[in-house]
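Student: Heads up: the sequence lines are chains A and B, in that order. All residue numbers for the first sequence refer to the numbering used here, where the first residue is 18 and numbers rise by one. All residue numbers for the second sequence refer to the numbering used here, where the first residue is 18 and numbers rise by one. In this text, a Cβ means the ideal position worked out from N, Cα and C, and glycines have one as well. The model shown is predicted, which means the values in this text are computed figures rather than measured ones. Would you mind keeping the following structure in view while I ask a few things?
2 protein chains.
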Amino acid sequence: MLDPEKRLTLWRQIADRLAEEVTAGRFGDGRLPTEPQLAARFGVNRHTIRRAIGVLADQGLITVEQGLGTFVARHLEYVLGRRPRFDADLRSQGREPGRCVLSVATIEADPATARDLRLNRSAPVLQIEMIAYADGVAVSYGIHSFPARRFAALPNAFADTNSITAALVRCGVTDHTREVTRLLTRLPSEREARYLEQALSRPVLQAEAINADLANVRIQRSLVVFAGDRVQFRLAGGSTGETIGRPGSGAQPANRRPSPAIIGG
Amino acid sequence: MLDPEKRLTLWRQIADRLAEEVTAGRFGDGRLPTEPQLAARFGVNRHTIRRAIGVLADQGLITVEQGLGTFVARHLEYVLGRRPRFDADLRSQGREPGRCVLSVATIEADPATARDLRLNRSAPVLQIEMIAYADGVAVSYGIHSFPARRFAALPNAFADTNSITAALVRCGVTDHTREVTRLLTRLPSEREARYLEQALSRPVLQAEAINADLANVRIQRSLVVFAGDRVQFRLAGGSTGETIGRPGSGAQPANRRPSPAIIGG
DNA sequence: GTTCATTTGTTCGTATGTATC
DNA sequence: CGATACATACGAACAAATGAA
Chain A
18 MLDPEKRLTL WRQIADRLAE EVTAGRFGDG RLPTEPQLAA RFGVNRHTIR RAIGVLADQG
78 LITVEQGLGT FVARHLEYVL GRRPRFDADL RSQGREPGRC VLSVATIEAD PATARDLRLN
138 RSAPVLQIEM IAYADGVAVS YGIHSFPARR FAALPNAFAD TNSITAALVR CGVTDHTREV
198 TRLLTRLPSE REARYLEQAL SRPVLQAEAI NADLANVRIQ RSLVVFAGDR VQFRLAGGST
258 GETIGRPGSG AQPANRRPSP AIIGG
Chain B
18 MLDPEKRLTL WRQIADRLAE EVTAGRFGDG RLPTEPQLAA RFGVNRHTIR RAIGVLADQG
78 LITVEQGLGT FVARHLEYVL GRRPRFDADL RSQGREPGRC VLSVATIEAD PATARDLRLN
138 RSAPVLQIEM IAYADGVAVS YGIHSFPARR FAALPNAFAD TNSITAALVR CGVTDHTREV
198 TRLLTRLPSE REARYLEQAL SRPVLQAEAI NADLANVRIQ RSLVVFAGDR VQFRLAGGST
258 GETIGRPGSG AQPANRRPSP AIIGG
């Protein structure tokens, strides 16, 4: 099974082989064999398996959970195109989106929001704070800001539809596009980690996005942090929307987390 | 200086004020006053300052380093457009790009590379491993793979020009575009942390990119990890290449790191 | 290597205002 | 009205990290 001529180290060969199998969709339930099982299968010591597994875990292809097992990393993949369509992305991956609205309030614009939305300082801003879920697992926590004067009807529309996109449509914004997005990574604050149900030591992806209506007027500023262990982004370069990479197979370590109070879903 | 009518809490007012000053380019040397100094300036307790600073650090606007001080976060901003132009991005931000080539080798394709470049298994692949610097500070470590048969002349061209883009031009690829990119965050491996001269506990941004030539033939697969504390990405949405956000002022905690052996620069 | 000054990080304690029951 | 809980703000002291002498 392994190349005996040793042109490659054993752990490298095993890592390649496992990576192949993971991306090919073997381990359909999302669970890899235990380390002793793999050691037996490849006829090597468990240390060798651990080295191979370590490489793949580093690459983000699999995740290892002490006491539980090794699992195919099933990152949600958000496509960053011209339009923000997170719910559609989720559904296309067979996940059920949900959200939990933490607050809806009209406040004075903070300086950054005023600048990004091109408002006067202290102009009123409608602010929606919410957590997004996929299959009951938290994936993002974000604050979405809108010019309150223009979108006075948005709170009610949002309460009805429970969707920002749908609520915007009700307010006359039939379409909106991504104006600019900044992406960075950092460690979460205590509050963010709590909302995302993740460890403080695990990184988050922060996206700061500005959306505009068809007339190129800025209507939304979003500051969203995504759970780094559960989300990745894909940027389509050309016109082809080809899917590459992880097949998003079976089930994760299972839903150990108690489903929080999810409003929509 | 602060609003006495207390419509907002002190720490919120101070956070807003500091954010404004940071984005306005005050603190031109990139260093904020010490916490006691700020406490004296605003006439509040150091705790109140710390709370305000904590908010801004959470937002990624500033970075706090124990024993050193508080600094304006000066992320390198890479624009993710149709063409990968990292060096040009760097120069436009007044940074001097450099690189350190760790290895240039022709090897058998690993499964992921073969798939992404649409090669047969075990087809020869030219692999360049290198670290990129900006002003002598490591910002990324990456492995770049090319079909070896087509790009037999690339190693020499790369040795001459020390630039992948320039070397590709010499090989007849006058232009190339980003086909697809996947972005995710994770913690670095021990080796990556060493190359990037960063702590193991600080996250990295991983970009997996596939580039194609003008005939849409895939010619390059890159797996690059960026130092999360020093890099962020910007996605231009529309046609306007407007610059928003941090002004990228003065100097970071200073170049504490000894400049490693940098080849080009 | 040791010492020292500087700076942030942490943990006590205390007091006050505000919302809720 | 009181009782309780919570966020805000201040004061003091010590711990930990860093850089330089």
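(1) What does His92/A reach in chain B if we use C-beta pairs closer than 7 Å?
(2) How big is the Cα-Cα spacing for Glu38/B and Ala131/A?
(3) Which chain A residues are close to Leu97/B, counting only those with a beta carbon under 7 Å from its beta carbon?
(4) Assign Leu119/A to buried or exposed, taking buried as 16 or more other Cβ atoms, counted over all protein chains shown, within 10 Å of its Cβ.
(5) Roughly how many angstroms lie between the CA atoms of Glu259/B and Thr198/A, to the nearest whole one?
(6) With 8 Å set as the bound, which would you pick, yes or no: does the beta-carbon of Leu222/B sit closer than that to a beta-carbon of chain A?
(7) Going by DSSP, which residues form a beta bridge with Ile227/A?
(8) Tell me, which residues are paired with Val121/A by DSSP?
(9) Identify the residues that DSSP records as bridge partners of Tyr150/B: which are they?
(10) So which residues on chain B does Glu146/A lean against when the C-beta distance must stay under 8 Å?
(11) At a Cβ threshold of 8 Å, is Gly159/B touching chain A?
(12) Which chain B residues are close to Gly245/A, counting only those with a beta carbon under 8 Å from its beta carbon?
(13) Which of the three DSSP states, helix, strand or coil, is assigned to Ala90/B?
(14) Apply the 10 Å Cβ neighbour rule to Ser256/B and answer buried if 16 or more other Cβ atoms are within range, or exposed otherwise.
(15) With distances taken between CB atoms, is the gap from Arg108/B to Met147/B smaller than 8 Å?
(16) I want to see whether chain B comes within less than 8 Å of Thr40/A, judged by CB atoms only; does it?
(17) Look up Val96/A in the DSSP assignment and say whether it is helix, strand or coil.
(18) Would Leu200/A and Phe163/B qualify as a contact pair, given that the criterion is a beta-carbon distance under 8 Å?
(19) Beta carbon of Asp106/A, beta carbon of Glu125/A: below 8 Å?
(20) Please work out which residues of its chain come closer than 7 Å, Cβ to Cβ, to Pro172/B, disregarding the five sequence neighbours upstream and downstream, and give them in chain order.
(21) Under three-state DSSP, which class holds Glu259/B?
(22) I'd like the span of the alpha helix (DSSP H) that includes Phe168/A, first residue to last.
(23) CA-CA distance, Ala149/B and Glu214/B?
(24) Closer than 8 Å, CB to CB, is Glu37/B near chain A or not?
(25) Just the C-alpha distance for Asn228/A and Leu19/A, rounded to the nearest angstrom, thanks.
(26) Nearest by alpha-carbon distance to His161/A: which of Thr178/A, Phe168/A, Gly60/A, Ser239/A is it?
(27) By the DSSP assignment, the alpha helix (DSSP H) with Leu283/B in it spans what residues?
(28) Which residues, taken in chain order from the stretch 126 to 146 of chain B, show a beta carbon closer than 8 Å to some beta carbon of chain A?
(29) Cβ of Asn228/A within 7 Å of any heavy atom in the ligand SAM?
(30) Measure the C-alpha to C-alpha separation of Ile261/B and Arg68/A and round it to an integer number of angstroms.
(31) Going by the DSSP bridge assignment, what does His161/B pair with across the sheet?
(32) Smallest Cα separation from Gln2/A: which of Arg195/A, Arg187/A, Ala174/A?
Tutor: Let's see:
(1) Leu201
(2) 15 Å
(3) Leu252
(4) exposed
(5) Unreliable positioning characterises Glu259/B in this predicted model, as indicated by a pLDDT of 32, which lies under 50. A coordinate reading is not provided.
(6) yes
(7) Val197/A, Arg238/A
(8) Ile145/A
(9) Gly115/B, Ala155/B
(10) Correct list: empty, because the minimum Cβ distance to chain B is about 14 Å.
(11) no
(12) Leu201, Thr202, Arg203, Pro220
(13) coil
(14) Confidence at Ser256/B is low in this model, with a pLDDT of 35, below 50, so its placement is unreliable and the value that follows should be read with caution. So Ser256/B ends up on the exposed side.
(15) no
(16) yes
(17) strand
(18) no
(19) no
(20) Val121, Leu143
(21) In this prediction, Glu259/B scores a pLDDT of 32, lower than 50, which makes its location untrustworthy; no coordinate-derived value is stated.
(22) Segment: none, Phe168/A is in no alpha helix (DSSP H) and carries neither H nor E.
(23) 12 Å
(24) yes
(25) 52 Å
(26) Ser239/A
(27) Here chain B has residues from 18 to 282 only, and residue 283/B is not among them.
(28) Asp127, Pro128, Ala129, Arg132, Asp133
(29) Although the ligand SAM was asked about, the structure shown includes no ligands whatsoever.
(30) Confidence is the limiting factor: at Ile261/B the pLDDT is only 29, short of 50, which leaves the residue's position unreliable, though a coordinate-based value still follows. Rounded to whole angstroms, Ile261/B to Arg68/A spans 43 Å at the Cα level.
(31) Ile145/B, Ser239/B
(32) Nothing about residue 2/A can be reported from this structure: the residues present for chain A run from 18 to 282 only.
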